[in-house]
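Enquirer:
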Amino acid sequence: MYHMFQISGDVIRALGLKMKILMTVIFGGLLIGSVILLSFSHNFNDQLLDATSNDQLLAATINGSRKSETPHDKLIGGLLTADFDEPSCVSRYYQSSLYSKPSPHKPSEYLVSKLRSYEKLHKRCGPGTEAYKEATKNLGHDDDNYANKSVGECKYAVWVAVYGLGNRILTLAYEKLHKRCGPGTEAYKEATKNLIGHDDENYANRSVGECRYIVWVAAFGLGNRILTLASVFLHALLTDRVVLVDQSKDINDLFCEPFPGTSWLLPNDFPLVKQFDGYGRGDSHCYGTMLNNHAISANSTPRHIYLDILHDSRDEDKMFFCPKDQTMIDKVPWLVFKTNVYFVPSLWFSPTFRPELMKLFPQKEAVFHHLARYLFHPTNQVWGMVTRYYKAHLARADERLGIQIRVFADDAGYFQHVMDQILSCTQREKLLPQVVAQEESKVNASTNQKLKAVLVTSLYPEYADRLKSMFWERPSSTGEIIEVYQPSGERVQQTDKKIHDQKALAEMYLLSLTDNIVTSARSTFGYVAHSLGGLKPWLLYQPKDLTAPDPPCIRSTSVDPCHLTPPSHGCDADWGTYSGNVVPFVRECEDREHDGIKLFDEL
Numbered sequence: 078m079y080h081m082f083q084i085s086g087d088v089i090r091a092l093g094l095k096m097k098i099l100m101t102v103i104f105g106g107l108l109i110g111s112v113i114l115l116s117f118s119h120n121f122n123d124q125l126l127d128a129t130s131n132d133q134l135l136a137a138t139i140n141g142s143r144k145s146e147t148p149h150d151k152l153i154g155g156l157l158t159a160d161f162d163e164p165s166c167v168s169r170y171y172q173s174s175l176y177s178k179p180s181p182h183k184p185s186e187y188l189v190s191k192l193r194s195y196e197k198l199h200k201r202c203g204p205g206t207e208a209y210k211e212a213t214k215n216l217g218h219d220d221d222n223y224a225n226k227s228v229g230e231c232k233y234a235v236w237v238a239v240y241g242l243g244n245r246i247l248t249l250a251y252e253k254l255h256k257r258c259g260p261g262t263e264a265y266k267e268a269t270k271n272l273i274g275h276d277d278e279n280y281a282n283r284s285v286g287e288c289r290y291i292v293w294v295a296a297f298g299l300g301n302r303i304l305t306l307a308s309v310f311l312h313a314l315l316t317d318r319v320v321l322v323d324q325s326k327d328i329n330d331l332f333c334e335p336f337p338g339t340s341w342l343l344p345n346d347f348p349l350v351k352q353f354d355g356y357g358r359g360d361s362h363c364y365g366t367m368l369n370n371h372a373i374s375a376n377s378t379p380r381h382i383y384l385d386i387l388h389d390s391r392d393e394d395k396m397f398f399c400p401k402d403q404t405m406i407d408k409v410p411w412l413v414f415k416t417n418v419y420f421v422p423s424l425w426f427s428p429t430f431r432p433e434l435m436k437l438f439p440q441k442e443a444v445f446h447h448l449a450r451y452l453f454h455p456t457n458q459v460w461g462m463v464t465r466y467y468k469a470h471l472a473r474a475d476e477r478l479g480i481q482i483r484v485f486a487d488d489a490g491y492f493q494h495v496m497d498q499i500l501s502c503t504q505r506e507k508l509l510p511q512v513v514a515q516e517e518s519k520v521n522a523s524t525n526q527k528l529k530a531v532l533v534t535s536l537y538p539e540y541a542d543r544l545k546s547m548f549w550e551r552p553s554s555t556g557e558i559i560e561v562y563q564p565s566g567e568r569v570q571q572t573d574k575k576i577h578d579q580k581a582l583a584e585m586y587l588l589s590l591t592d593n594i595v596t597s598a599r600s601t602f603g604y605v606a607h608s609l610g611g612l613k614p615w616l617l618y619q620p621k622d623l624t625a626p627d628p629p630c631i632r633s634t635s636v637d638p639c640h641l642t643p644p645s646h647g648c649d650a651d652w653g654t655y656s657g658n659v660v661p662f663v664r665e666c667e668d669r670e671h672d673g674i675k676l677f678d679e680l
């Protein structure tokens, strides 16, 4: 028996050595596997946002400093709320903060507080809430006593998209309001309940609760849409309304939802949606027409009005900006906006709005810069276009120059005088070097030469091709290496075509990531790009008679966009005063002559 145990013990000892080795291998494998799994678990979301350490290095390069030296502010000084999950909209937090240079413009604490309050209001009044259901319940009715009904806190502004993408692009307070009043809330249902079909003379005296609305109807090009949506949102902040966005166009393919826990998309069953295309100055609900017909007063308020704030609006439509008119408009539960201009500068004419605007935006020129970074977050598909192109073509450059070219002509295309103007501007302003003959080049090929990337955006590829050829065939006078890139050149603007609008939006963001930017006068595309990036652009004057202007361009002293074709004069005491002289910080745009105003900090 003993021998048996002895033999067994020898066997066990022999096996024990093998078992030790086996157990060591197994344990080591499990340990490594668990470390890998733990690492994967911790980094899964980060991998969706920034797959490699090279991306972090890229981000540090763009920001001009190493990540460890300058921590990134994902919430942009409190402008954004932390209530979203990151992977569903990569651009909102992680990559957007990494890829954008730190802005010199910081949001005010008051703006941050106002935005958080708005978010709460939107939750209470947004789509799907009882407030929304009540607000829309009788929206199509013509009830004589509707004006006297209580509709609570929710007042709404509907933005309708028209024309291009540029026109279609506070925090805490607004987000709260949107949650209370947005689509799906009881407040929204109540507000729309009697929207169509009633014409009650006493409707204005009814309590409609806290939920009042602005409906934004998409119109014109993408640049216009972005600018107008920011304008409408600011008006909503000033008047405690909930913004709802017409989703009949491609807004959902371009931007993520900006308000947590609710939606800014106008439900497709909204009672007035079939009337959007027919809205015009002849409509009986158009505010200017109602003024002409004496159909609106402090004692006779409709359930909804249509606001026509376009480049060619009548003077009576532009009365919207005057304090007395705002008092009447404030009583209307539903405002439907169709606009193609950035009308923010004209809101400062109102003595009622001005003190609030001063608190919200101590840096006046940064209005759109802040609103755009709060509202507009490209979808993952669009942001992927931005990041891939940046990494492939712009990331390694020592300096990046953006050139945005818009040709305003019936037979637009490549014009030599436009090319001459671009070269004249960029070379006079030392943005691009001259080219010289090879024998005149003073730079040795082995010298550590500076690389400058030039990003050109235009419907026409010939301008970028001309620059490419020039800097490829001959050396630069400074020894810089100039590389020219153009993401697309589709020749024809194709507004509302999904992929076209996505490319256009990606190009706006790429331009905003450059160090310096040259843009065309009057171009809403250019306005969005430079203001989004907080850049003071060189503005190319609009050519006349097929001749390059001299001087070719001017450096703007403000990052804010221009309000094209604004009201020609002020209101009340300022009646007859040119609108560019009403307040010292709202002045004529550098690229327009008596045809545009903008906000300035430099007096």
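With my numbering as the guide, the letters of the sequence shown map in order to residues 78 to 680. For each residue, glycine too, the CB sits at the ideal point set by N, CA and C.
1) Might you give, ordered along the chain, the residues of its own chain that have their beta carbon closer than 8 Å to the beta carbon of S656, omitting 5 neighbours on each side?
2) Evaluate E550 with the Cβ neighbour count: other Cβ atoms within 10 Å of its Cβ, from every protein chain shown; 16 or more gives buried, anything less gives exposed.
3) Compare the C-alpha of I303 against each of L448, A375 and L188 and name the closest.
4) Who are the Cβ neighbours of C666 in its own chain at under 6 Å, not counting the five residues just before and after it?
5) Does DSSP put R632 in a helix, in a strand, or in coil?
6) Please report the residue range of the alpha helix (DSSP H) in which Q579 lies.
7) I'd like to know if the region 481-501 and the region 354-373 are in contact, where contact means that at least 3 CB-CB pairs between them fall below 8 Å.
8) Around the Cβ of P260, are there at least 16 other Cβ atoms within 10 angstroms (buried) or fewer (exposed)?
9) Please report the distance separating the alpha-carbon of R289 from that of D407.
10) Relative to the C-alpha of F297, which candidate in L616, F332, D354 and E334 has its C-alpha closest?
11) Any idea if D637 is buried or exposed, counting beta-carbon neighbours within 10 angstroms, 16 or more meaning buried?
12) Do the CB positions of L157 and Y537 come within less than 8 Å of each other?
13) Go ahead and pull the three-state DSSP assignment for K214.
14) Let's test the definition: count the other Cβ atoms within 10 Å of the Cβ of A159 and tell me whether it reaches 16, buried, or not, exposed.
15) Go ahead and label W652 buried or exposed: buried means 16 or more other beta carbons lie within 10 angstroms of its beta carbon, across all protein chains shown.
16) DSSP three-state call for I406: helix, strand or coil?
17) Could you have a look at Y467 and say whether DSSP puts it in helix, strand or coil?
18) Using the beta-carbon count (16 or more within 10 Å), is G155 buried or exposed?
19) Over the uninterrupted alpha helix (DSSP H) stretch that includes Q493, give me the two end residues.
20) My output table needs one value for Q440: the three-state DSSP class, helix, strand or coil.
21) If the criterion is Cβ atoms closer than 8 Å, does the pair L384 and V350 meet it?
22) Kindly indicate which three-state DSSP category P661 falls into: helix, strand or coil?
23) Run the CB neighbour count on H671, radius 10 Å, all protein chains shown included, and call it buried at 16 or more, exposed below.
24) Threshold first: 3 residues or longer. Then list the beta strand (DSSP E) segments lying entirely within the region 379-406, N to C.
25) Looking only at C-alpha atoms, which of S180, R257, M462 and K256 sits nearest to L582?
26) Does DSSP put Y256 in a helix, in a strand, or in coil?
27) On the three-state DSSP scale, how would you describe H312?
28) I'd like the list of long-range same chain contacts for A598, defined as Cβ closer than 8 Å, with 5 residues on each side in sequence excluded.
29) With DSSP as the reference, label S595 as helix, strand or coil.
30) Check whether the Cβ atoms of I594 and P564 sit closer than 8 Å, and answer yes or no.
Expert: On the basis of the supplied data:
1) S423, F426, P643, P644, S645, H646, G647, V663 and I674
2) exposed
3) L448
4) C639, G673 and K675
5) strand
6) K575 to S589
7) no
8) buried
9) 9 Å
10) D354
11) buried
12) no
13) strand
14) exposed
15) exposed
16) helix
17) helix
18) buried
19) Q493 to R505
20) coil
21) no
22) coil
23) exposed
24) 381-386
25) M462
26) Here residue 256 is Lys; the residue named in the question, Tyr, does not match the sequence. K256: helix per DSSP, three-state reduction.
27) helix
28) L616, L617, Y618, Q619, D668 and R669
29) With the sequence shown as reference, residue 595 is identified as Val, and Ser is not the correct amino acid for it. Strand.
30) no
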